[in-house]
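To keep things clear, I will list the structure first and then write my remarks on it.
In our numbering, the protein residues as written are 7 to 138.
So this is what it looks like as structure tokens:
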């Protein structure tokens with residue numbers, strides 16, 4: 007039986023760390039579904055709008071070979087609904103969220119992957135901003 011993996015992220019200023027988590031998530035199943043944070047959710051979560059718009063970020067993630075489906079994540083509180091709606095067998099998150107989603111172990115396997123060292127969108131934005 008095919009295993010569906012689901013993961014979530016903003017995926018702004020797409021970098022190799024994003025690619026690695028998507029590749030590693032895809033390797034855990036047969037089908038990868040990715041929830042891309044809505045602009046409004048990102049504003050609430052991080053206190054700033056993404057550099058790339060929601061539609062641009064959706065297009066970038068959808069174009070990646072390992073990704074089978076993308077959707078807009080409107081709310082962090084709807085994770086359980088998204089997992090059930092997409093029939094996910096595995097939820098993959100970065101280890102910076104370690105333990106935060108263990109409550110979903112009643113409906114799917116929960117895996118926290120180590121982040122790519124020394125790479126973050128925030129750090130990239132700060133580096134680019136300071137170079138001007």
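C-beta atoms are modelled at their ideal positions from N, C-alpha and C, and glycine is treated no differently. Predicted model only: the values in this text are computed from it and were never measured.
Contact check, residue i vs residue j, beta carbons under 8 Å
i          : j           : result
residue 45 : residue 55  : yes
residue 85 : residue 110 : yes
residue 93 : residue 10  : yes
residue 51 : residue 43  : yes
residue 77 : residue 41  : yes
residue 27 : residue 119 : yes
residue 74 : residue 39  : yes
residue 67 : residue 18  : no
residue 81 : residue 49  : no
Whole-angstrom C-beta distance between residue j and residue i, which should lie under 8 Å
i           : j           : result
residue 108 : residue 35  : Between residue 35 and residue 108 the Cβ distance is about 19 Å, and since that is not below 8 Å, they are no contact.
residue 8   : residue 98  : With a Cβ gap of about 16 Å, residue 8 and residue 98 do not count as contacting.
residue 100 : residue 121 : 5 Å
Residue-chain proximity (residue i, chain B), Cβ-Cβ < 8 Å
i          : result
residue 94 : Checking the listed chains, one finds no chain B in this structure; it contains a single protein chain.
Beta-ladder partner(s) of residue i, from DSSP
i          : result
residue 43 : 79
Residue i (DSSP reduced to helix, strand or coil)
i           : result
residue 110 : helix
residue 105 : coil
residue 53  : coil
residue 22  : helix
Any non-hydrogen atom of the ligand ZN closer than 7 Å to residue i Cβ
i          : result
residue 83 : As far as ligands go, the structure on display features none, and thus does not contain the ligand ZN.
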